[in-house]
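What follows is one structure encoded as structure tokens, with my remarks underneath.
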Amino acid sequence: MNLYVSCGWFMNTVLRDDRGEPRYRIETCTLLGLKDVETKITRFLPRTNASGSQGQLLVSSVNTRGETHVTARLQEEEIARIEWHRIMSTVFRRPGQNPVEVDVYMPYTGLFSRKKRAFTASNGQSYIWKAGSRRSSLLRHDGSRVAVYHHRSYGILGKAHDPFLEISPEGISIADEIVATFVYIERRRAQREKSRRGGGVQATN
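Listed below in structure tokens is the structure:
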């Protein structure tokens, strides 16, 4: 499954699949106090037809700034919130669960490595997010890839495409967790790269 960033930045967008159907919404807002921003991640729910069974979302694919208007009539379910702190640790909040600090939910893994974080998904399997200089990828401990984020291509080398998160068939059942943890990993990767290039970004914890 491929989830395309249909408008704007990945921190404020709707993720759509290959058919243009909206699957997830990511919204980030600036807050006062010790939290610098909060990100809310929701999943679009399939419509229920007259017979009571669930069908497709059936929303036309349009890459415009009117995503909020286009998807306003669709039901959504919150899957996670991320509170990004500058001083204290960033916190994950998931419906029905206690808040958990990122260093508990996704601890660093690997000797002297601050670019790899591991987490145990709801299926009981452990995965590792690796934030490389050019892309973020999710791996199993045997090195097999479960998800990878592809940045925008303008077609200079290869086919042009919007940014998208590619999830392997194995990862479909934990897609909610992959999307939520991806947001954290990719933002931190982007912050480090901008700081390395002299952008002076203050990273959150």
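393 is the number of the first residue of the sequence shown in our numbering; add one for each residue after it.
Built from N, CA and C at the ideal position, the CB exists for glycine as well.
Contact between L437 and E475 is absent: CB atoms are separated by about 25 Å, not below the 8 Å threshold. The alpha carbon of P555 has as its nearest neighbour, out of R544, E562, S481 and F484, the alpha carbon of R544.
E569 and A513 have their C-alpha atoms some 7 Å from each other.
Under the three-state reduction of DSSP output, K507 falls in the coil class, being neither helix nor strand. One alpha carbon belongs to R579, the other to L557, and they sit about 14 Å apart. Sixteen is the threshold: when 16 or more other Cβ atoms of the shown chains lie within 10 Å of the Cβ of G563, as they do, the residue is buried.
In its chain, beyond the 5 residues on either side, Y497, M498, Y519 and T573 have a beta carbon closer than 7 Å to the beta carbon of F511. Membership of S587 in the alpha helix (DSSP H) is indicated by the continuous run A567 to R588.
Look at E413 here: in three-state DSSP terms it is coil, with no helix or strand label.
If you draw a 10 Å sphere on the C-beta of S398, you find 16 or more other C-beta atoms in it, and that means buried. In this structure, the straight-line span from the alpha carbon of T434 to that of G547 is close to 31 Å. I566 places its beta carbon 8 Å or farther from that of R509. Apart from the 5 residues on each side of it in sequence, T501 sits with its Cβ closer than 8 Å to the Cβ of K508, R509, A510 and I520 in its chain, given in chain order. Annotated three-state conformation of I418 is strand, per DSSP.
Ranked by Cα distance from N394, the first of R588, K586 and P561 is P561.
Put simply, of P491, A472 and Q517 the residue whose alpha carbon is nearest the alpha carbon of S481 is P491.
If you look at Y541, you'll find it isn't in any alpha helix (DSSP H); it sits in the beta strand (DSSP E) that goes R537 to H542. Taking all protein chains shown into account, S528 has 16 or more neighbouring C-beta atoms within 10 Å of its C-beta and is therefore buried. If the five residues before and after R537 are omitted, its C-beta is found closer than 8 Å to the C-beta atoms of S529, L530, L531 and S560, all from its own chain and listed in chain order. A residue is called buried once 16 or more other Cβ atoms fall within 10 Å of its Cβ, and P414 is buried on that count.
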